[in-house]
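Numbering (the working numbering), first residue to last: 144 to 413.
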């Protein structure tokens, strides 16, 4: 292979990546303008919704007198479970709506379904990190120490939660593009994910007849992994990291494969 051919090939790849970056940037900016009140500050305001959601749940459980089964503060115990649960729900839910809400963008040949899906995912992930940062500030201002005993595992648990959310959100987004009512059904299923995640109770404390079926919920795996990273004596008998990562990767691959096979239909319908 001649050096000139290699140079042209490398140049074409760089141009393709630059074009993809520009398209993704345009999709993200449009999403911010339409969803966040046509102003960048709206993005910050919108990020407060999951924070308020988390704080309401945490303080309700704390105010009801529930003690922390692990750790010194019920605020931190419930927060550690609620953060991965709501991270999954928010990212995957808004990804499921992304194509249905931005389908007119597919009329531009340069815009692909994956641009819309991952543009929305990017915004939700950034909002999720911002929410976690605000939660940390609140805990610190209350004199608490919201630090895991194993920071590396806590980071891996959170990143795995994002992987799961993006994978499931990709599948849900493709389905919703054909059946818009699925978005409503999926939104309601968030209640099931929430209740079965174990974020408000200690799943390993249940008998195996209950605990093991609950552990098949990948969101419950996110919660259990995060808790083992935060609390030194927390039982890891239900944690299956390989299952969680595999579920996220398979979901992402299945969603991308479905989008690829159905791309022409999606483009024609737009």
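Glycine included, C-beta positions come from ideal geometry on N, C-alpha and C.
Item, Value
"Supposed contact pair residue 229 and residue 197 - C-beta distance, whole angstroms, cut 8 Å", "6 Å"
"Best match in 215, 191, 257 for proximity to residue 320 [C-alpha to C-alpha]", "257"
"Helix, strand or coil at residue 270 [DSSP, three-state]", "helix"
"Where residue 253 falls, given that 16 or more other Cβ within 10 Å makes a residue buried", "exposed"
"Distance, residue 171 Cα to residue 379 Cα", "39 Å"
"C-beta contact flag for residue 220 and residue 211 at 7 Å", "yes"
"Which listed residue (295, 169, 218, 315) has its alpha carbon closest to that of residue 371", "295"
"Contact check, residue 287 vs residue 216, beta carbons under 7 Å", "yes"
"Environment of residue 192 [buried if 16+ CB atoms lie within 10 Å]", "exposed"
"Cutoff 8 Å; reference residue 167; Cβ partners in own chain excluding five residues on either side", "258, 261, 262, 265"
"Alpha-carbon to alpha-carbon, residue 404 and residue 347", "41 Å"
"Limits of the unbroken alpha helix (DSSP H) element including residue 132", "Outside the shown range of the chain (144 to 413) lies residue 132, about which nothing can therefore be said."
"Three-state class that DSSP yields for residue 343 in the structure shown", "coil"
"Buried or exposed by the 16-neighbour rule on C-beta atoms within 10 Å, applied to residue 236", "buried"
"First and last residue of the uninterrupted alpha helix (DSSP H) at residue 351", "351-358"
"Residue interval of the alpha helix (DSSP H) (run including residue 370)", "361-373"
"Of the listed residues 329, 164, 292, nearest to residue 223 (C-alpha basis)", "292"
"Same chain, Cβ closer than 6 Å to residue 329, five either side skipped, listed in chain order", "239, 315"
"Residue 364 burial status per 10 Å Cβ neighbour count (16 or more: buried)", "buried"
"Residue 374 burial status per 10 Å Cβ neighbour count (16 or more: buried)", "buried"
"Nearest to residue 389 (by Cα), restricted to the options 303, 281, 199", "303"
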